[in-house]
Structure formats: C-alpha cells, structure tokens
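Read top to bottom, the protein sequences are chains L and X.
The opening position of the first sequence corresponds to residue 113 in the working numbering, with each subsequent residue numbered one higher.
The opening position of the second sequence corresponds to residue 2 in the working numbering, with each subsequent residue numbered one higher.
A quick write-up on the structure given underneath.
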Amino acid sequence: MKCDLILAGVGGQGILSIATVIGQAAIRSGLYLKQAEVHGMSQRGGDVQSHLRLSDRDIHSDLIPAGDADLIVSVEPLEALRYLPFLSPDGWLITNITPVKNIANYPDLERVLDEIRRHRNHVAIDADALAKQVDNPRGMNMVVAGAASRFIDIPFEKMEEGVRTIFDRKGEAVVEKNLAALRVGRAAAESGS
Amino acid sequence: MAAEKRLFLGDEAIAQAALDAGVSGVYAYPGTPSTEILEYVQRAPEAREGGVHREWSANEKTALEAALGMSYAGRRAMTCMKHVGLNVAADPFVNSAITGTNGGLLVTVADDPSMHSSQNEQDSRFLGKFAMMPILEPSNQQEAYDMVFHGFDLSERLKTPVLLRITTRLAHSRAGVVRRPAKSQNELKLPEDKRQFVLLPVIARRRYAGLLKTQTEFVASAEQSPFNRLLDGEDDSLGIIACGLGYNYLLENYRERPCPHPVLKIGQYPFPREMIRRLVARCREILVVEEGMPFLEEYLRGILECGPPIKGRMDGCLPPDGELNPNLVGMALGREDRTAGAVPDLVVPRPPALCQGCSHADSYRAINEAVKDVYGDGHVFSDIGCYTLGALPPYQAINTCVDMGASITMAKGAADAGLFPSCAVIGDSTFTHSGMTGLLDAVLENTNMVVFIMDNSTTAMTGGQTSHGEGRLEKIVKGLGVHPDHVHTVLPLKKNHEAFVRTIQEELAYEGLSVIIPARECIQTLKRKARGKGRAS
C-alpha cells in the first residue's frame, strides 16, 4: 500500500487537522508515515500545502516526487489547481468548491471550477454547505477529510478513531459533530456529487 | 517487545532527544524553521519536573552565551536558532570552539533553503567549518534524535561544541521515532582548568593551537561515525556522495530496486577524508547531492580540478540554489522530468498578508498619510517580522528589510547622509533583539529621525512567543536617553487615525530623535487567549 497526498488550502483553513486525522488513522493501521508541513510566513493567509505520505514500507523522502501524488485534497478550489504538477496521471483531485477570496485578482469562480472538472478523476463538493448541514460550520475540513477517505486504503473506522483522538479533549459533543462532518463528506464522495 | 514509534516533527525529535539525553537548559530565540524545538521543551512535563531551563532569550547571541555558561558549569546545554540567527551569534559561536566545553554543548541551527521564511539561504556548514567544530547533519527524524545523544557525547569526549545542522523539510516534517532510555542530568561541576574560558591572547593562542591539533581527532571521529557509511554498489561508472536530506531524495529514486552505484552517505563532518578518497578512487564520475550550498562539492573540485569529473550544483547538473527534491535528484541521475503538466494559467499567487484587524495595518495607514503621501516613497526603513508584509500591496509602506535591527541603524545612516524625513519601523520583539543598541547610537547624536516601535506584545510571525519588552518599552526607550517629550505611545485604531497622523507630523517637525510606539495586542494571540478562556469556563 502506498498513498501520497497533497493537502492544500489557505493559511488558517485547517489542513493540518486533516493531516492529523489521516495520520492517526494510518498509524493505527500499522503504516509508515511522513508528513511535511508548512509553518511560518505563509500561514498569514497565504497558500499552504502539506505533503502526507503513507506506505506499508519505509518512506525515504519527506516530499512527494513530482507526478507521483495519488490524491490532491484541497479545502479551497483555486488551491486545488496549484499543485497539479504533483498529481499522477490516474490520481484523484478532491476539493471543496467554496472559495476564499482574500486576493483582489481572484479568478472567475466558474472558470476555476471548469478547470477542476476538466480533470478526469475529481470530486468537487460544497464542504462548507455540508458542514452547515450537519450543524458544524467550522467542520468544513473534516468534511473534506471524509471525502478523501474514500480514496485511501484504510478502514473508515480508523479515520473515525483519528477524529476522536484529535477532538477528544474538547468533549464528546465536539467529537460527535466532527464525526458527523467526516461521515457526510464520505457519503458525498461515494454518491459522486 | 518492539520499541514503540511516536510521530515527531524533526524539531520535536531534537527537543525530546535533548531531554532524554539529560539536557539542563535549552536557550533560543524564535525563528522559522527552528522555533518548535524550544516550544516542545516548554510543553514537556519532564522539562518542568527536571527544572530544565526553557525561557526564550532576547536574541541568538544571548542564547548561545547562556548555553556556553551552562556548559562551563558542567551541565549539558543546547541552543537553537535559524540560520541567520547564527550570524547574530557568530561571535560566541566561533570563540566557543576555542574555549571548548565542560558540559556537553549542542548548537542546533535550522537552515531554510528556498527561503520559505527567510532573507537568505546560507548553509550553516560553512560557519561550522569556519569555527572548526564537528558538524552533524541528519537525513531523517530518527537520525536527528540519535544525533543529539551522539552530539552530546562527542562534545564531552572531545571538549568541543558540536553544530547540529538541519533544514526546513526535516524540521517541519513528521515521522516515527523510537526513543532511548532517558539519562539523568549532569551534576554541577566547574572546569578543571579555571583559565580554560579566559581568551586573553596568551591563553587564546594556546587554546587555538589545541583546537588545530584536535582537528585530527574530529576527522577520526567522522571516519568512524555511525552516520557516515558506504553502501556498496557494483556499477563504478558513477559514485554518489549524499549529505543530509539529499540521501533521502536519492533513495526515493530507487524504490523499486537498490541503487547500483556505490553511495557514501555523510552525516558527520569534518569530511571523512579517507572514506571520500576510497570512493573517488574507484569511480569514473562523482555525483554530489547536498541540501544547501555546494559545501563538499566545492572542496572536491578544488581549484585544480585534477580528480574525476564531479557533478552537482556547480555544473548545473542540480540547480545552484533552492532546496532539492526527488525529481531534481532523479534528473541528475539521468531520469526524465516527472512533473505532470503545468499549473493552469488562471492560478494566481496568494501571498501572505496582514490579518484582518491587525494593528500594523492601522499604523501603516497613518505612516503612509504622514510620510509617503507628503514626501513621496523611499523614507521608511523596516525590519523582520509580520510588519514586513507592509512592503506588499495595499500598503507598500516600507522600503527595506535586511536583518534584525537594521531599520533603526539604516535610518540613522540615511539621516546622517541628509535624508529627510528618515523613519524606522521595527517590531517590539525585534527592538529588544537588536534594535536597542542602534537606538543608543541615535540618542548620542540626537539623530533627526522618527522610530516606530510596533508593539503587539508578542513575537507574532513565529507564532506568538514571549516579547522581552512587553510592558516596558517606554521605560527602555527613555532609559536609553530619548527625550521624554518625544516618546509617545499611541493606540492604533481607526477612530484614533487623525490623532496618530498628527503625532507623526509633530515629530517629523521636531529636529531630533523621536520614538512613537503604536501599541495594540496581536489579534492572533488575543484570539488564542479568548479560546483558552472559553475552554476553561
């Protein structure tokens, strides 16, 4: 088993929590893991990305080789496109379609979405809307994590355990809300919406 | 029972290793990508229980000196900084190699190739060699952990500080690490030679001669180091030397089959000369893979270039700048470029920006109205921190960013040259890091300039660490001798904009040194405190 994921978004959107949930699930499944994060300047509303590598064998590089990523998982549509040179020809592009327009020259959203749809293997969901649907407006990142889980060869229960681990100290109600977000994301990816 | 692996950032692995190796104090000034080392120590229960020193230092120089003092007292100490921080600490760094150590002393420096969060991409191995001290360079998180133990042992055995050099991708990447049993801290024990640390010329000459003599022992240690090893391969048409992270990128290109060429992996310096000679003697060509500048490659080539052909960063086989990655190393091995297509044209850059509600934004609006709109662009010298983002649109308010503290001193030099107005913009933490001495220069000449100390009560860019001037900036400024009539603290808010602009105009009209302190807490730390309270209730 080998799964290389690029996690993408805008500083402050919570991509590191997605990495932690998937990472916890991977560790609980006995996999090797490497995860390169971005700290520092770009966290101030700039583009951020994280390389997450899972494998049943020892992993060497902290960075995913170009053209080798199995998944691009993005919490923002424009950011989903920024890392396409990393995606393998049969890799999947999974993205939230709600934009973060914190730059004056943000391109026309329809053109951004067209560009995403041009990719053969894609899942484009309104993760912000789905998060609100399960009464967890701040759980958008967990919705995206749930959507991504469909393409990662790890039992879904392990993902749920990952969510439990990172939200445990905030109490059962918060855990449940984030599990709901994870599940609605998974369901959205399975229904192909 | 199999040893349990835990996930650690490279920075965290180093912090945990220092605690496990019996460190008594960690001294640091925050700087990406090194910050998380001391932050981890500050959170660690064993650091609290063991009374390990873990407060932030005012700058990298004070940090390294304090660590040297702890070593003098016989205990193990570590100091951590980013690469440019080592420039600030260069004086004690170089001289600590001459004094030598008593308790183990590890200088951990995180380089930032590709300048993700830095002003340059200098390679600290050059400074380590300049100071003539052993250097350790891990290729993964486990090695980073193990090298801390090795480094402290080496430091105590050879009586020398040891440089532990890491780079961004190791510092900020997580992987599984197996820990070792924890050691207890050293007892307090003064140096046997009470003049060891007295670098009077007569003693310094003796110590320096000793350092030169010990180099052979440093080399011998590198030749036998568990971190330097030759992996044999049958195909001698190419020999590969891979340092630090370069080794991972090399192996990534041989996932399916073992590398057919002999590979020398280097993780400890001075250069293991014999190992290198043996490899070079049997190979027709050599490829050098280094994360950072061509440190080993330049030595191998020499000026005479009389050895076999060398491939690396200097002949264009690898790029001359920036960090490496598996694809670049693959291409250096003759593989094809694996980059899959291009980024679509409509994808525009998304640079970082000041947060919504940031006090710096209010300050820049006032400074622009009082300075740029009246006198034109080119009058504001600035510094290193969040407020450096004021160089970008929409503010475009500042004209320099060079090194910590340079805003005040450069504004002074420009004022000396006759520039009017001359203004400096510096953050509170940068001011106490290395702005105070420059301000003293300006006080002594009553330089005609306006200094803005942007006080957000924290070291914001690196994530909100302690700011040494908190609550005492006015006192420091007045204590340094700035005339109290020309020191103002203002609250940068929209409703105070006109009064703020007026204050700037009045001080521009005054022919002498003025300091204006726009003070309002960083909204990130404010939010974090609010969340903390919410949890507690």
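We put the beta carbon where it would ideally sit given N, CA and C, even for glycine.
Computed from a predicted structure; not experimentally measured.
Is there a Cβ from chain L that is less than 8 angstroms from the Cβ of residue i?
i	result
residue 121/X	no
residue 209/X	no
residue 170/X	yes
residue 528/X	no
residue 174/X	yes
residue 493/X	no
residue 390/X	yes
residue 109/X	no
residue 356/X	yes
residue 250/X	yes
residue 349/X	yes
residue 203/X	no
residue 8/X	yes
residue 85/X	no
residue 387/X	yes
residue 343/X	yes
residue 328/X	yes
residue 460/X	no
residue 100/X	no
residue 521/X	no
Grab the span of the beta strand (DSSP E) containing residue i for me, first residue to last.
i	result
residue 290/X	287–290
residue 450/X	450–455
residue 62/X	Careful: residue 62/X lies outside any beta strand (DSSP E), inside the alpha helix (DSSP H) at 61–73.
residue 331/X	Segment 327–333 is the alpha helix (DSSP H) holding residue 331/X; no beta strand (DSSP E) there.
residue 289/L	Run containing residue 289/L: none in the beta strand (DSSP E); it sits in the alpha helix (DSSP H), 284–302.
residue 163/L	159–167
residue 88/X	Where residue 88/X is concerned, there is no enclosing beta strand (DSSP E), although the alpha helix (DSSP H) it sits in stretches over 84–89.
residue 200/L	199–208
residue 164/X	163–168
Would you say residue i reaches chain X, if we count a Cβ-Cβ gap shorter than 8 angstroms as a contact?
i	result
residue 196/L	yes
residue 214/L	yes
residue 193/L	yes
residue 272/L	no
residue 168/L	no
residue 151/L	yes
residue 229/L	no
residue 178/L	yes
Quick check on the burial criterion: 16 or more other C-beta atoms within 10 angstroms. Buried or exposed for residue i?
i	result
residue 228/X	buried
residue 125/L	buried
residue 247/L	exposed
residue 33/X	buried
residue 531/X	exposed
residue 174/L	buried
residue 276/X	buried
residue 511/X	exposed
residue 123/L	buried
residue 244/X	buried
residue 295/L	buried
residue 36/X	buried
Tell me residue i's beta-bridge partners as DSSP assigns them.
i	result
residue 519/X	491/X
residue 244/X	267/X
residue 81/X	29/X, 109/X
residue 144/L	167/L
residue 318/X	According to DSSP, which records beta bridges pairwise, residue 318/X is partnered with nothing at all.
Apart from the five residues just before and just after residue i, which ones in its own chain have a Cβ nearer than 7 angstroms to its Cβ?
i	result
residue 475/X	488, 490, 518
residue 178/X	6, 7, 9, 14, 142, 143, 146
residue 156/X	102, 105, 106, 107, 162, 163
residue 58/X	28, 29, 30, 64, 67
In chain order, what residues of the same chain have a beta carbon less than 8 angstroms from the beta carbon of residue i, not counting five sequence neighbours either side?
i	result
residue 194/L	120, 159, 161
residue 98/X	132, 133, 134, 161, 162, 212
residue 224/X	273, 274, 275, 276
residue 424/X	368, 372, 380, 381, 382, 412, 450, 451, 452, 453
residue 268/L	261, 298
residue 233/X	263
Beta-carbon within less than 6 angstroms of residue i's beta-carbon, same chain only, minus the 5 sequence neighbours each way: which residues are those?
i	result
residue 461/X	387, 523
residue 108/X	80, 162, 164
residue 130/L	119, 253, 257
residue 2/X	Confidence is the limiting factor: at residue 2/X the pLDDT is only 38, short of 50, which leaves the residue's position unreliable and the question unanswerable from this model.
residue 520/X	456, 490
Could you tell me whether any non-hydrogen atom of the ligand GDP is closer than 7 angstroms to the CB of residue i?
i	result
residue 415/X	Among the components modelled here there is no ligand, and therefore nothing to report on the ligand GDP.
Output the boundary residues of the alpha helix (DSSP H) element that contains residue i.
i	result
residue 9/X	Where residue 9/X is concerned, there is no enclosing alpha helix (DSSP H), although the beta strand (DSSP E) it sits in stretches over 6–10.
residue 147/X	142–159
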